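Positions 1 to 410 (the numbering used here) are the ones given, in order, by the sequence shown. C-beta: ideal position from N, C-alpha, C; glycine also. A quick note: this is a predicted structure, and the numbers were derived from the prediction, not measured. Structure first, then comments.
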Amino acid sequence: MTDRCPSLPTVPTDPERELENEVLRGRMERIGEKLLVLSGKGGVGKSTVAANLAVALARAGKRVGLLDIDIHGPSIPKLLGVEHHQPDVTDGELRPIRVNDRLVVMSIGFLLPDGNTPVIWRGPRKFGAIRQFLKDVAWGELDYLVVDSPPGTGDEPLAIAELVGQPARAVVVTTPQDVAVADVRRCIGFCRSLRLPVAGIIENMSGFVCPGCGQSFDLFKRGGGRRLADEARVPFLGAIPIDPQVVLGGDAGRPVAFGALDSPAAQAFASIVQTLSDLPAAIAPADDRSDPPVEMDFMKIAIPLENGHLSTHFGHCEEFAVYEIDPATQTARAKAVHRAPPHEPGLLPRWLHELGANVIITGGMGQRAQQLFAQNGIRVVLGAPPDPADDVVAAYLKGTLQTGANPCDH
Ligand code: ADP
């Protein structure tokens, strides 16, 4: 096997970029832990949770930065009442806005054109903007950086997960309804494919406590978040009730977690922060992507096929085998062979996601394709040999699959 795709040109290393990466690494190393607040879809209260989590952590005595990278709809400045501020620039560094002694805030929204002009950027441009932005903010020493990124598994969460370095964990926000389940699964698959540990799931808008009679009503059902956490074997961090104080606090630019702990939501945030700090520290996952993800309960493995063997050119093969794995025995219980769709950029990851695959084992793959698989919640295992597909799957599940270098690592 060659070390690179022979058809690809050599990419020159860019010394300026190397220097930028070093600055970024240096900044991120001064931060105790990064908490990436994610959600499967919009409207579940992700930004509200990110803002309140940051406030509650600061209240618990931690030094906290809150970062908003929602290019299309930054809401953190409004939620913290700093939307009319402009960060100072000193010596080319952006100073985050100080909310109090222990909490500073920065939003990519401060750097964008006025709020009425939509930003239309493609993936690589967004990645570059987030990278530059992260590198330029003078966070200083922090215990936590809480990041609010747009919902789903698009370019922004992908960029931030790749850029912040270790230790970092995802906090996944959902609502109790069953319809949210598929989105959250995808979100957890996304984290796993990026080897980003999941700190846990928060169920927001979980029941309503009547301020008059104190009785509790399950307006949007209850318990979906905990069930999901059990299913995905990740911690359940807590439930936040529907609380009018949350909306009032958001509109006033003063998150409910600032106030007295007599509000049900403020109590819930304080208890989530306690649960979070009681968790063992995030363990930086190993770089080797070939170990089997035994923690996955629902696993479907896709293998690009050529005459029944694994094809090392996944983008050009005509068939894919998809194996359904029995979680109890960790063996394949069903196998289906599908004709690949026409060769179109971005289509294969989507198609395999629709077939339910959450792992692909292949020979080589370029970085952009890996990103697209990650965005579709599919973990990529690279450098596999062109052996019979059944043997590759069996070896992967046993943890004995021998993988080499990614021949397309450019
Ligand atoms: P997202 O970031 O997921 O799109 P937001 O944080 O913007 O969602 O919240 C959407 C709306 O729901 C906001 O008006 C917010 O005030 C409200 N909201 C969020 N959580 C709660 C809650 N626990 N109780 C009442 N309203 C809430």
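Residue interval of the beta strand (DSSP E) (run including residue i)
i	result
residue 319	319–326
residue 204	198–209
residue 311	Taken as a continuous stretch (DSSP letters only), residue 311 belongs to no beta strand (DSSP E), as it is neither H nor E.
residue 65	64–68
residue 360	359–361
residue 227	That residue, residue 227, is in no beta strand (DSSP E); its alpha helix (DSSP H) goes 224–232.
residue 30	Note, residue 30: premise wrong, no beta strand (DSSP E); not H, not E.
residue 380	379–381
Residues bridged to residue i [DSSP beta-bridge criterion]
i	result
residue 331	326
residue 299	325
residue 193	In DSSP, residue 193 forms no bridge with anything.
residue 238	202
residue 35	146, 169
residue 388	309
residue 338	320
residue 174	203
residue 304	320
residue 216	209
Residue range of the alpha helix (DSSP H) that includes residue i
i	result
residue 269	264–278
residue 373	367–375
residue 247	244–252
residue 256	Unbroken run through residue 256: none, as it is neither H nor E.
residue 55	46–59
residue 350	347–354
residue 159	155–163
residue 261	Unbroken run through residue 261: none, as it is neither H nor E.
residue 41	No alpha helix (DSSP H) contains residue 41, which DSSP labels as neither H nor E.
residue 79	76–79
For residue j and residue i, believed in contact at Cβ under 8 angstroms, the rounded distance
i	j	result
residue 276	residue 237	6 angstroms
residue 136	residue 194	At roughly 24 angstroms, the Cβ-Cβ gap does not stay under 8 angstroms, so residue 136 and residue 194 are not in contact.
residue 224	residue 177	6 angstroms
residue 373	residue 349	5 angstroms
residue 206	residue 239	4 angstroms
residue 28	residue 165	5 angstroms
residue 75	residue 39	About 13 angstroms separates the two Cβ atoms, so there is no contact after all.
residue 228	residue 184	5 angstroms
residue 187	residue 172	5 angstroms
Residue-chain proximity (residue i, chain B), Cβ-Cβ < 8 angstroms
i	result
residue 362	Looking at the structure shown, chain B is missing, and only one protein chain is on hand.
Contact test: residue i Cβ vs the ligand MN heavy atom, cutoff 7 angstroms
i	result
residue 262	The ligand content of the structure shown is limited to the ligand ADP, which means the ligand MN is not among them.
The segment 142–152 contacting the segment 58–72, beta-carbon criterion three pairs below 8 angstroms | yes
Do the segment 159–171 and the segment 129–142 meet, that is, are 3 or more Cβ pairs less than 8 angstroms apart?
-> yes
Pick out the complete alpha helix (DSSP H) segments inside the segment 88–148, 4 residues or longer, and give them in chain order.
-> 123–136
Can at least three beta-carbon pairs, one atom from the segment 381–399 and one from the segment 304–322, be found at a separation below 8 angstroms?
-> yes
Are the segment 202–214 and the segment 54–66 touching by the rule of at least three beta carbon pairs closer than 8 angstroms?
-> no
Given 8 angstroms, three or more beta-carbon pairs between the segment 253–270 and the segment 71–87 = yes
Cβ pair count under 8 angstroms reaching 3, the segment 394–407 against the segment 361–368 = yes
Below 8 angstroms, can you find three or more Cβ-Cβ pairs linking the segment 349–360 to the segment 377–388?
-> yes
Below 8 angstroms, can you find three or more Cβ-Cβ pairs linking the segment 264–278 to the segment 321–333?
-> no
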